[in-house]
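Notes for the one structure printed next.
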Amino acid sequence: MADGVYNDNIHVLKKVMGRMLNNKTYSDAVFTVKDQQFYVLSQLLAASSTTLDNMMSTHYEHCHDRDLTIYRVKHEDSFLLILKYIYGQSLDFHTTPVHVLCEVLSLAETYQLSEFRDDLRSFLCTLDCFELESAVVLLNTASKYNLSELYEQLTVFAYQHAEQLVKHDTFPDLDYNVLTHLVQSDWFACSEIDILTGVLTWHSGMDRERQNWKTTTTTRHTDIDTEHDDVSETDPSQTNEEQQDSEHIDHLNLNETDTCTTSSSRSTDNSEQLIEKKDTCPEVMRLFSENILKSLLARIRFPRMFASDLLRTLKSELGKNYIDLLDETCFSQSSEPRRKYQAQSSEATSAQHRMINNVTKTFQIKKFHSDRKKESVEEYLVGDFKWKICCKWTRGWTPDVITMYLKCTSDYNQDDWECTVECQLKWISNDRRFNNMILPDDNSYTTLTLTRDTSCVEIVKWEVEHKGWMSSWYDLRIKYMQTKMNGPIEEIHNASLATTAQHRGNNNPTTAQHKYTNNATTAQHIDTNNATTAQHKDTNNATTAQHRGNNNATSAEDRDTNNATTAQHRGNNNATSAE
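Numbering (our numbering), first residue to last: 3 to 581.
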């Protein structure tokens with residue numbers, strides 16, 4: 003006790019709550035997760051989570067027992083950690099398996115435990131050592147909850163271990179948007195046939211879910227036709243059963259055995275709804291499944307596969323299920339090889355090719371009128387190009403439509419150029435009423451191709467119902483950029499990451515005003531091979547801009563030893579002076 007304030011009762015309360023946790027004596031309800039039962043005090047859970055409160059209230063309204071089942075929780079320990087948090091017990095994230103923490107984060111989001119959710123997000127973002135066993139679940143979690151920095155680190159890990167990851171047992175658990183992002187990247191360096199096998203394995207799991215749904219729907223429809231009074235096999239709160247095939251379905255469903263008998267009219271309504279679903283949903287899901295597969299095949303490079311490997315795959319048990327769908331036209335026709343991930347972000351492959359990774363620039367769009375394309379205030383030099391973003395506001399009845407563009411220009415004199423960029427835009431809110439927003443909203447990256455003729459292309463289009471977006475800032479994150487220049491080029495800098503239009507990237511720059519001297523020319527320096535300038539001569543072993551090149555120069559006042567007579571005499575080796 004300090005200053006008359008007594009706090010020791012907090013420790014006592016923690017001990018008491020610890021004894022009450024999962025204790026049948028101090029409980030009034032039972033939650034079943036998989037095969038494990040948890041004894042809980044319903045009032046405590048209801049006071050902690052409005053989601054749990056609504057779920058229990060709905061159950062008690064229709065049923066006369068206090069036994070509830072929670073579905074779609076993979077690990078019992080995940081729900082136990084939720085209970086420990088609600089009961090005020092200590093949690094050690096460091097000793098908790100990563101896959102459990104990821105599911106706890108999902109449950110905390112579902113149950114609206116916002117403070118617990120934020121703490122879990124913060125802890126996951128501190129992880130910097132990854133393993134194959136947990137890479138997939140972390141990738142999914144980082145993508146789903148917009149943990150951008152964590153997601154970038156994990157994608158690098160995936161690139162570096164692509165050959166092992168694509169064959170790992172957890173690979174089929176990847177979310178679709180994460181799988182798409184990996185497969186389309188040049189850095190996901192493994193054989194195309196292994197990628198094809200991994201994609202087919204991933205899709206077969208999705209297809210099994212569809213078949214299971216179809217079987218379950220048919221069975222339930224038959225049960226309802228034969229016994230209208232028995233509604234215990236259906237969920238009255240479930241109005242869209244096809245959503246059960248979705249990975250992000252709500253974790254909470256009423257227990258099939260908990261659902262109580264209702265009126266015959268309600269049973270009849272459910273029966274009619276299921277009849278309609280039985281006729282339409284399977285076909286819709288089949289087409290959806292095929293389109294998903296085709297979108298993935300379009301990112302697999304057919305010319306890079308050997309015919310013998312492809313035939314062997316088609317003859318396998320897995321391939322036989324897809325032999326009618328694996329048409330050559332479904333694949334990418336790119337013959338570009340995938341490359342091992344390199345830590346250096348911009349290693350040029352040739353004199354006219356550039357690659358740049360992981361660049362973020364901030365732009366401001368000031369207020370403007372509708373139906374006009376407004377350019378950003380800032381312009382940045384990235385690689386050999388100048389970049390801006392543009393915004394167009396199209397007014398509608400409701401809502402308005404905002405279209406964002408990426409603009410790329412070049413000052414160099416080349417006949418043709420092409421730039422492929424994988425980018426993402428983040429809207430930075432300047433109004434406390436609105437949160438920052440990633441565009442696209444699924445946290446994916448948009449691949450764009452810009453040329454001299456099409457130098458301004460659309461990044462994303464989004465709808466708004468407020469004016470909070472006006473006069474806003476945006477972060478442009480360039481995940482990957484590759485440029486190709488064709489034709490004569492006056493000037494090519496070996497750039498790693500140029501940051502502004504006034505600075506050129508070079509390997510060993512001495513000042514921001516000096517350019518890379520390996521055969522490059524600038525406005526102030528002329529090539530040292532027999533070239534002269536008005537003020538300075540660029541020599542092979544010059545030490546400063548004021549010293550002339552010589553073999554054994556000793557000071558700024560020494561003359562060039564190769565027949566040079568004074569400090570005012572220019573060029574050597576038979577070069578004439580500028581005068």
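All C-beta atoms in this analysis are idealised placements derived from N, C-alpha and C, irrespective of residue type, glycine included. The structure presented is a predicted model; accordingly, all values stated were derived computationally and were not measured.
One or two residues paired with residue i in a DSSP bridge
i: residue 376; result: 393
i: residue 119; result: DSSP output for residue 119 lists no bridge partner at all.
i: residue 620; result: Any question about residue 620 goes unanswered here, given that the chain covers just 3 to 581.
i: residue 105; result: DSSP output for residue 105 lists no bridge partner at all.
i: residue 453; result: 420
i: residue 465; result: 403
i: residue 58; result: Beta-bridge pairing links residue 58 to no other residue.
i: residue 458; result: 409
i: residue 358; result: 483
i: residue 439; result: 429
i: residue 448; result: 425
Nearest candidate by alpha-carbon position, reference residue i, set the options
i: residue 365; options: 359, 371, 373, 382; result: 382
i: residue 299; options: 196, 406, 65; result: 196
i: residue 119; options: 103, 92, 134, 133; result: 103
i: residue 84; options: 51, 184, 311, 69; result: 51
i: residue 200; options: 141, 148, 333, 320; result: 320
i: residue 161; options: 62, 180, 444; result: 180
i: residue 441; options: 433, 185, 429; result: 429
i: residue 465; options: 68, 443, 371; result: 443
i: residue 449; options: 150, 431, 408; result: 408
i: residue 43; options: 27, 360, 293; result: 27
i: residue 420; options: 431, 398, 483, 477; result: 483
i: residue 183; options: 9, 93, 426; result: 426
i: residue 113; options: 136, 100, 127, 88; result: 88
i: residue 127; options: 64, 151, 105; result: 151
Residue i versus residue j: straight-line alpha-carbon distance, rounded
i: residue 458; j: residue 403; result: 18 Å
i: residue 289; j: residue 295; result: 10 Å
i: residue 386; j: residue 285; result: 50 Å
i: residue 79; j: residue 11; result: 29 Å
i: residue 423; j: residue 168; result: 25 Å
i: residue 133; j: residue 116; result: 28 Å
i: residue 123; j: residue 329; result: 43 Å
i: residue 19; j: residue 53; result: 22 Å
i: residue 410; j: residue 147; result: 31 Å
i: residue 192; j: residue 165; result: 5 Å
i: residue 189; j: residue 109; result: 33 Å
i: residue 301; j: residue 186; result: 5 Å
i: residue 131; j: residue 145; result: 18 Å
i: residue 374; j: residue 47; result: 53 Å
i: residue 41; j: residue 5; result: 40 Å
i: residue 316; j: residue 310; result: 10 Å
i: residue 514; j: residue 384; result: The pLDDT assigned to residue 514 is 37, lower than 50, so where the model puts this residue is not dependable; a value taken from the coordinates is nonetheless given after this. Each residue's alpha carbon lies about 15 Å from the other.
i: residue 45; j: residue 97; result: 30 Å
i: residue 157; j: residue 75; result: 26 Å
i: residue 125; j: residue 95; result: 8 Å
i: residue 24; j: residue 37; result: 15 Å
i: residue 202; j: residue 121; result: 37 Å
Three-state secondary structure assigned by DSSP to residue i
i: residue 366; result: strand
i: residue 307; result: coil
i: residue 182; result: helix
i: residue 387; result: strand
i: residue 11; result: helix
i: residue 342; result: coil
i: residue 426; result: strand
i: residue 479; result: strand
i: residue 601; result: Summary: the structure shown does not reach residue 601, with the chain confined to residues 3 through 581, and so no result is reported for it.
i: residue 127; result: helix
i: residue 23; result: coil
i: residue 169; result: coil
i: residue 18; result: helix
i: residue 156; result: helix
i: residue 28; result: helix
i: residue 202; result: helix
i: residue 72; result: strand
i: residue 98; result: coil
i: residue 161; result: helix
i: residue 474; result: strand
i: residue 291; result: helix
i: residue 6; result: coil
Below-8 Å beta-carbon distance, residue i vs any chain B residue
i: residue 25; result: Going by chain labels, chain B is absent from the structure shown, which holds only one protein chain.
Contact test: residue i Cβ vs the ligand NAP heavy atom, cutoff 7 Å
i: residue 423; result: The ligand NAP is not among the ligands present in this structure, which contains no ligands whatsoever.
Quick check: the region 156 to 174 against the region 315 to 332, are there 3 or more CB pairs under 8 Å? no
Evaluate contact between the region 385 to 398 and the region 428 to 448, counting only Cβ atoms and requiring at least three cross-stretch pairs below 8 Å. no
Check whether the region 53 to 69 touches the region 25 to 34, counting contact only when three or more Cβ pairs, one atom from each stretch, lie closer than 8 Å. yes
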